[in-house]
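Our numbering applies: residue 19 is where the sequence shown begins, and numbers increase by one.
Using N, Cα and C, we set each Cβ at its ideal position, and we do this for glycine too.
In this text the structure is predicted, and so the values were computed from the model without any measurement.
Structure, as structure tokens:
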Amino acid sequence: MDLIDQLVESRVREAERDGVFDDLPGQGRPLELEDDTMVPEALRAAYRLLRNSGFVPEEVRLRREIREAEDLLRACEDETLRRQQAHRLRLLLDRLGQQRGVTPTLAAEYLDRVRQRMDGSDE
19 MDLIDQLVES RVREAERDGV FDDLPGQGRP LELEDDTMVP EALRAAYRLL
69 RNSGFVPEEV RLRREIREAE DLLRACEDET LRRQQAHRLR LLLDRLGQQR
119 GVTPTLAAEY LDRVRQRMDG SDE
């Protein structure tokens, strides 16, 4: 351990002994660590700032809306509402596909699989 590490360790032990860390918010609960290992190190601070200010990347927002639309479609019993939800789901899938470079054919195949699952006719 080099000199700086020793100094830091001694200061931390001293603060513990003096009760500086007592009554901190979150005491007794596990830390909420964020896994940002997939984010390049140079971009982590910027991503954290955007996330903490409420910004959500477009793809994440679309995926959340798609999941909600699938859930609503699955729960919907009214045929008219079901068609409307299917149309909304198709639009969301198209928008996501455009961002990711997926062809409309693949999105249509996915929507067909979702419909089959909803109808209970899984192949």
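Other residues of its chain near residue i: CB distance less than 6 Å, five sequence neighbours each side excluded
i	result
R62	D54
Exposure label - residue i; buried when at least 16 CB within 10 Å
i	result
L111	buried
V78	exposed
L91	buried
Q116	exposed
A33	exposed
Distance, residue j Cα to residue i Cα
i	j	result
M56	L114	21 Å
R66	G72	10 Å
E27	D20	11 Å
D41	R47	12 Å
D137	E97	12 Å
E59	L68	15 Å
Closer than 8 Å: residue i CB and nearest the ligand SAM heavy atom
i	result
L68	Only the bare structure without any ligand can be found here, which leaves the ligand SAM out of the picture.
Cut-off 7 Å between Cβ atoms - residues of its own chain near residue i, not counting five sequence neighbours on either side
i	result
G44	none
C94	R100, Q103
E76	Q117
Close-in-space but distant-in-sequence residues of the same chain around residue i (CB under 8 Å, 5 per side omitted)
i	result
L107	I84, A87, E88, L91, L129, V132
R81	L114
### Task
Could you tell me which uninterrupted alpha helix (DSSP H) segments, each at least 4 residues in length, are contained entirely in the segment 20 to 101, listed from first to last along the chain?
21 to 36, 62 to 70, 76 to 93
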